[in-house]
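Undergrad: Using our numbering, the first residue of the sequence shown is number 4, and each one after it goes up by one.
Okay, here's the structure, questions in a sec.
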Amino acid sequence: MTYKLCIRQHVFYLGKSFDEKDLQGLCGVNNGTKKKDLDKTGYKGIGFKAVFGKSDYVIIYSNGEYFRFDSSYQIKWNKQWGTNDQQAWEKNNDRQFIYPWQINPIWTNDNEIPNRIRNFLNSKKKQIHVAYAILLNNVGEIHLAIDQLKQQPYMFLFLRNISRITFLTQLNDTISIARHFSHGLKQVYINKKIDSQWIIKRFELDVPKSIRDKLVGDSKAPEKLRSIEKAEMFFAAKYKDSTTDENEEMISGGIEKLRDQDSILFSYLPTKISEYKFPVLINANFLTNVNREQIHTDSVWNQWLFNKIGSEIFQWIIELVKDKKFRSQAYRLIPSKLTLINNILSRQFDDSFAVTIKNCSFILNRKNQLLRVSEAVMDSTSMSKQSSFVDINSMREYIHNNNRYYSQYADYPFIDYDQNLLRVGVRQFTWDECIVMFKSDIFLRTHSPDKNKLMIEYFYSNFSKIGTANDININIEQIPFLMDQNNHLQLIKDIYFPAETIGDSGTSDSDNLFINKIIFDWLNEKTQKSIKQWLQTLGVIQRTDLTFLNKTVIPNASTYITSENALKTIKMLFMLFQKHDIEKKELNQLKKLKLLTTRGTLIAAEQCFFCDQYKPRLPLEEYLKAKEDKFLSFDYIRLDERNLKDNLDRIQMIYYHILKEIYFWSSDERKTMKTQAKSFYLLTENDQWKLANDLYLYMEGNGTNNNLNDAIPCLKLDYKNRNHSHLNQFLDLFNIKQIKMNDLKLVDKQSSPAEHFRRKLIEISPFLKKWLKNSSVSSDIISVIDKKIQQENDFIESDCLQLFYNQKFVQETNVYFDNKYKQLYVRRPWDSETTFIDLPNKLCQLLNIRGFEKNIRFLLKGTIEEIQKHFTTNSIEIPTKKDIVILERLSRSDILQQSKPSATPSPKSTETTTSPPESNKSTSSIKNKETRSNKHEYTTETTGTFIDNSANRKYNTDTVLALQQLNQGFPQYYPFSCSGNYVLMEIIA
């Protein structure tokens, strides 16, 4: 369909010929042909009548015939109107007679048509079926309207049949719309030049019955909507082709978000409703007032349409993001919440938007998988693309573990940064986080020297060429990317090249950080010469005392000194001073270097005074020490540099000296020392300083007892001192308590075989062995996994595990392994989060697979389906039936002995001990590590009481039946409760 407008006098319309209904609608009032026709645009029936606001004379041509509407036409008076003539009617009615000429068609002969109009129509007869010729009242006003139309030529985008409008003015302006079936693209032309391009998407919506029922009673709803079952909605996104500027630089195009001032609602033609800011043009059958300036916010129909906008726009985004032509450009169409106050349409859209954002999978990851907002991570560092030196699984694990809010990330969550996705809550992985990740155990666990070479090459290629732009928006000096001798990543400013003249440079116990030897050897290869030179220009140099001073100490003079490095740093500076490497300039730069005071605090050198021990010319300490903490410690003089790295050995040497001399001390000397020892702090096996009075020493065995150290502070003694003949006197002197096997007791309440736990271990063992093999763990370790789980160890579940010493409660524990009797105790339920704090670590110790704690946790917590999915994703072989190993449990002939209550009060209660109640009461047991004669000895007591062994035995039928159900088909031995007694029985189903 085409419009042609001849400005000054006439406007022509080219469309289909009129039929009878068209004529009735044209000449009637409220009798339009569109009211009930769902295929027609509009419903108010005032479309044509609008021309009478601009003209008093309109000629209509249709199918070779003419009629007109003419305000100046002298009508013939009809006596049926009540009088003989018009003057009499006006006199009788006391008002002017106005004839409704706008609905009174006047038949017009061909010879009555102006020549210009007739000639034009005759020349277009084959093209024209219908034409309007409108004599305009104000030509200038129409010119202004055409100019405005040329500024917004897209106003006809949503009209079904119009493809071209031609203005036959002096400039002969033409506005046309071309359709392209590809991507629903429409191009708007002005005078054959593209003005704008639009991607159009049409949605056909099912109108819910609940909405139709409400429309029946809605007075604002037109008749054609009250029975509607399908509705249509259109979105139009602005699109721009890529171009080049005057300098031949490429200007990227693609989908564009609408400017706020261009965002208006369409009801097939544009309205003047502009408060709803959407990134696209939205066209639907919105219900508005007559002049299209306001939308009915209380209309059920409009409310439903706004609700659908919030969901349907994301369905379109999904289509576009899958299209290679658009991809991430589609995210530019993500709307923002409207948040208009007291506006129900805004609320309808905002509620729909919030639900869709949460549940809709519209974000495309790099593996072309659609993700929800909570499943995606925007990697603004691009490190997730560098799989050659970044382990993607480790990166995902780090991000997951450091997420402040719960989020179930996808197996591959990574996408490129997009500010539109950031706005809707997609997690961003920044360089600040990446820097911390590079230093984390999770990342370093999979980062080898070979991978570090690739990392260095990557950063070299991005940063080495001056003036070359890169996508890394951070300085290279801020990134820890150089591997040191401890396989940790360091900043450029913190690391040195190893110097051949320094004997310990590059060793793990060195106080300074050096580039890893493997990396250093690689950098010294001829092919890597440019990379090494680049690192040198950035500030990586060989470590000498002087370079260390200039690079590390002086720039950080006010913060470098700590209690640990205070003495050795001054020693280094003194040696440089003796060699004349430090002069007045450097000394002036060290004025803020902190020094230890006599009270052990750190004060800037420029604020310190010599203490009296230095024999200053004017001793002040005696007079000012009570008020001032500014006197230099004398430790700088007494320091024995050779023993700095041997403090532990020096402690043992002191102990040995006391052990050797104590025998010769007089009683007075011992008494004096014992009094002083009350304030001594000694080192424990866990390297903590404790008052000697609070320490213990485990007397049986020559090594440390890790289980005991976890619960009780034990004195750290080496083998030589531990076996000294004067040890008892030494312990008495310091009031250190001795612990033997029969001194320590474990209370385990309501213990029973952890059969579900054991079966879970057997179930996951094939997966565990495959995972260990994939991680290059020794086959010797893998080969004994099943034996350790199924034969060598017992697994016991208890309500409570408590450690006691001399009836003194030490602490509760969640997991306890009895190494002597090969029994692993877990607190019930075994799979609780509390128990899992310690359980993976203990299992890894038991199975000799330290470092596999998180893997064990995943296998125990995950379902078989989750485990198989993880194995498939990470290319780990999934075990088959042949990998399942079931071993027969070792036979045991031991008899579990019942214990009877002791008269000793509970360590936690002063209540009188009573005899055990009936078998259905809560019970607990105490393990005496020395008195038990066999592996399966269990003893019981009433809750909170200590008990001794007894031989009294009974049997509980319920327990036997329960164990039979758990172990059908397997001959097993289990300790079980029988009215307060324990018996070992062979159960064969």
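Backbone N, C-alpha and C fix where the C-beta goes; we use that ideal spot for every residue, glycine too.
Values in this document were obtained by computation on a predicted structure and should not be read as measured data.
Just grab the DSSP bridge partners of Asn-731 for me.
TA: Translated into positions along the sequence shown, residue 731 becomes position 728. Bridge partners of Asn-731: none, in fact.
Undergrad: For Tyr-102, is the classification buried or exposed, using 16 other Cβ atoms within 10 angstroms of its Cβ as the cut-off for buried?
TA: Your numbering for residue 102 matches position 99 in the sequence shown. Its Cβ having fewer than 16 others within 10 Å, Tyr-102 is exposed.
Undergrad: The beta strand (DSSP E) with Cys-803 in it runs from where to where?
TA: Stepping through the sequence shown from its first residue, residue 803 is reached at position 800. Where Cys-803 is concerned, the enclosing beta strand (DSSP E) stretches over 803-808.
Undergrad: Ends of the beta strand (DSSP E) at Gln-3?
TA: This structure cannot speak to residue 3, because the chain is shown only from 4 to 992.
Undergrad: What's the gap between the Cα of Leu-698 and the Cα of Trp-692?
TA: Mapped onto the sequence shown, residue 698 falls at position 695. Mapped onto the sequence shown, residue 692 falls at position 689. Spanning the two alpha carbons is a distance of roughly 10 Å.
Undergrad: Report yes if the C-beta distance between Thr-999 and Lys-719 is below 9 Å; otherwise report no.
TA: The chain is shown only over 4 to 992; residue 999 falls outside these bounds and no answer can be derived.
Undergrad: Enumerate, from N- to C-terminal direction, the unbroken alpha helix (DSSP H) stretches of 4 or more residues contained entirely within the stretch 572-601.
TA: If we require 4 residues or more, the alpha helix (DSSP H) runs fully inside the stretch 572-601 come out as 587-592.
Undergrad: Starting from the N-terminal side, write out each stretch of the alpha helix (DSSP H) that is 4 residues or longer and does not extend beyond the stretch 364-422.
TA: Entirely contained in the stretch 364-422, the alpha helix (DSSP H) runs reaching 4 residues are, in chain order, 395-404.
Undergrad: Quick check: the stretch 670-679 against the stretch 597-616, are there 3 or more CB pairs under 8 Å?
TA: Flag = no, the stretch 670-679 and the stretch 597-616 do not touch.
Undergrad: Is the stretch 355-370 in contact with the stretch 392-407, if contact means three or more CB pairs nearer than 8 Å?
TA: Flag = no, the stretch 355-370 and the stretch 392-407 do not touch.
Undergrad: What do you get for Pro-832, buried or exposed, if any count of 16 or more other CB atoms within 10 angstroms of its CB means buried?
TA: Sequence index remark: in the sequence shown, residue 832 carries index 829 (1-based). With fewer than 16 Cβ atoms within 10 Å of its Cβ, Pro-832 is classed as exposed.
Undergrad: According to the Cβ coordinates, are Lys-57 and Ile-178 closer than 9 Å?
TA: Taking the first residue of the sequence shown as 1, we reach residue 57 at position 54. Taking the first residue of the sequence shown as 1, we reach residue 178 at position 175. No, the Cβ-Cβ distance between Lys-57 and Ile-178 is not below 9 Å.
Undergrad: Can you give me the C-alpha to C-alpha distance between Gln-616 and Leu-596, rounded to a whole angstrom?
TA: Mapped onto the sequence shown, residue 616 falls at position 613. Mapped onto the sequence shown, residue 596 falls at position 593. So the alpha carbons of these two residues sit roughly 22 Å apart.
Undergrad: Check Ala-954 in the structure and name its three-state DSSP category.
TA: Along the sequence shown, read from residue 1 onward, the residue named residue 954 stands at position 951. Its pLDDT being 32, under 50, Ala-954 is placed unreliably in this model, and the coordinates cannot settle the point.
Undergrad: I want to check one thing, is the minimum distance from the CB of Ile-534 to the heavy atoms of the ligand NAP below 8 Å?
TA: In terms of ligand content, the structure shown is empty, and the ligand NAP therefore cannot be addressed.
Undergrad: Smallest Cα separation from Pro-211: which of Cys-717, Arg-229, Gln-200?
TA: Position 208 of the sequence shown, counted from the start, is the residue given in the question as residue 211. With distances taken between Cα atoms, Pro-211 lies closest to Arg-229.
Undergrad: Can you tell which of Glu-278, Tyr-684, Gly-256 has its C-alpha closest to the C-alpha of Asp-263?
TA: Translated into the one-based positions of the sequence shown, residue 263 becomes position 260. Asp-263 has its Cα closest to that of Glu-278, out of Glu-278, Tyr-684, Gly-256.
Undergrad: Compute the Euclidean distance between the alpha carbons of Asn-406 and Gln-493, then round it to the nearest angstrom.
TA: Taking the first residue of the sequence shown as 1, we reach residue 406 at position 403. Taking the first residue of the sequence shown as 1, we reach residue 493 at position 490. Between Asn-406 and Gln-493, the C-alpha separation is close to 24 Å.
Undergrad: Exposed or buried, Asn-250, counting other C-beta atoms within 10 Å across all chains shown (16 or more means buried)?
TA: Taking the sequence shown and counting its residues from 1, the one referred to as residue 250 is at position 247. The residue is exposed, with fewer than 16 neighbouring Cβ atoms inside 10 Å.
Undergrad: Going by the beta-carbon positions, is the gap between Ile-214 and Trp-307 smaller than 9 Å?
TA: Along the sequence shown, one-based indexing puts residue 214 at 211. Along the sequence shown, one-based indexing puts residue 307 at 304. Yes, the Cβ-Cβ distance between Ile-214 and Trp-307 is below 9 Å.
Undergrad: Assuming contact is defined by CB atoms lying nearer than 9 Å, are His-146 and Asn-66 in contact in what I supplied?
TA: Within the sequence shown, residue 146 is the residue found at index 143, counting from 1. Within the sequence shown, residue 66 is the residue found at index 63, counting from 1. No.
Undergrad: In the DSSP assignment, the beta strand (DSSP E) including Met-236 goes from what residue to what residue?
TA: For the purposes of this step, residue 236 is taken as residue 233 along the sequence shown, with counting starting at 1. Here the beta strand (DSSP E) through Met-236 covers 233-243.
Undergrad: Count the other C-beta atoms from every protein chain shown that fall within 10 angstroms of the C-beta of Asn-656, then say buried if there are 16 or more, exposed otherwise.
TA: Within the sequence shown, the letter at position 653 stands for residue 656. The sequence given here has Met at residue 656, not Asn. So Met-656 ends up on the exposed side.
Undergrad: Beta-carbon separation of Leu-208 and Lys-233 under 9 Å?
TA: Along the sequence shown, read from residue 1 onward, the residue named residue 208 stands at position 205. Along the sequence shown, read from residue 1 onward, the residue named residue 233 stands at position 230. Closer than 9 Å, so yes.
Undergrad: Which partner residues of Ala-607 appear in the DSSP bridge assignment?
TA: Residue numbering aside, residue 607 sits at position 604 when the sequence shown is read from its first letter. Ala-607 pairs with Lys-597.
Undergrad: Taking only the alpha-carbon atoms, compute the straight-line gap between Val-358 and Lys-227 and give it to the nearest angstrom.
TA: Working through the sequence shown from its first residue, we reach residue 358 at position 355. Working through the sequence shown from its first residue, we reach residue 227 at position 224. Roughly 31 Å between the two C-alpha positions.
Undergrad: Count the other C-beta atoms from every protein chain shown that fall within 10 angstroms of the C-beta of Cys-981, then say buried if there are 16 or more, exposed otherwise.
TA: Looking up residue 981 in the sequence shown gives position 978. Note on Cys-981: pLDDT 30, under 50, position unreliable in the model; the coordinate value appears next. Counting Cβ neighbours within 10 Å, Cys-981 comes out buried, since at least 16 surround it.
Undergrad: The alpha helix (DSSP H) that contains Lys-434, what's its start and end?
TA: Sequence index remark: in the sequence shown, residue 434 carries index 431 (1-based). The question names Lys, but residue 434 in the sequence shown is Trp. Element bounds for Trp-434: 434-441.
Undergrad: For Phe-365, which residues from the same chain have a beta carbon less than 7 Å from its beta carbon, with the 5 sequence-adjacent residues on both sides left out?
TA: Here residue 365 is taken as the residue at index 362 of the sequence shown, counted from 1. These residues qualify, in order along the chain: Phe-317, Ile-320, Ile-321, Val-324, Leu-373.
Undergrad: First and last residue of the alpha helix (DSSP H) that includes Trp-319?
TA: Within the sequence shown, the letter at position 316 stands for residue 319. Taken as a continuous stretch (DSSP letters only), the alpha helix (DSSP H) holding Trp-319 covers 303-325.
Undergrad: Determine the direct distance from the alpha carbon of Asp-88 to that of Lys-82, and round the result to whole angstroms.
TA: One-based indexing of the sequence shown puts residue 82 at position 79. One-based indexing of the sequence shown puts residue 88 at position 85. Computed Cα separation, rounded: 7 Å.
Undergrad: May I have a chain-ordered list of the beta strand (DSSP E) segments no shorter than 3 residues that lie completely inside the stretch 54-131?
TA: The qualifying runs are 58-65, 68-73, 109-111.
Undergrad: Would you mind working out which of Gly-854, Tyr-271, Asp-221, Pro-108 sits nearest Phe-159, comparing C-alpha positions?
TA: Start at 1 with the first residue of the sequence shown, and residue 159 comes out as number 156. Per the Cα distances, Tyr-271.
Undergrad: Which term fits Lys-884, buried or exposed, when burial requires 16 or more other beta carbons within 10 angstroms of its beta carbon?
TA: Taking the sequence shown and counting its residues from 1, one reaches residue 884 at position 881. When all chains shown are included, Lys-884 counts as exposed.
Undergrad: Please report how far the alpha carbon of Lys-823 lies from the alpha carbon of Leu-700, in whole angstroms.
TA: The residue given as residue 823 occupies position 820 in the sequence shown. The residue given as residue 700 occupies position 697 in the sequence shown. Rounded to the nearest angstrom, the two C-alpha atoms are 19 Å apart.
Undergrad: Tell me Met-253's beta-bridge partners as DSSP assigns them.
TA: On the sequence shown, residue 253 is found 250 positions in, with the first residue counted as 1. Beta-bridge pairing links Met-253 to Thr-247.
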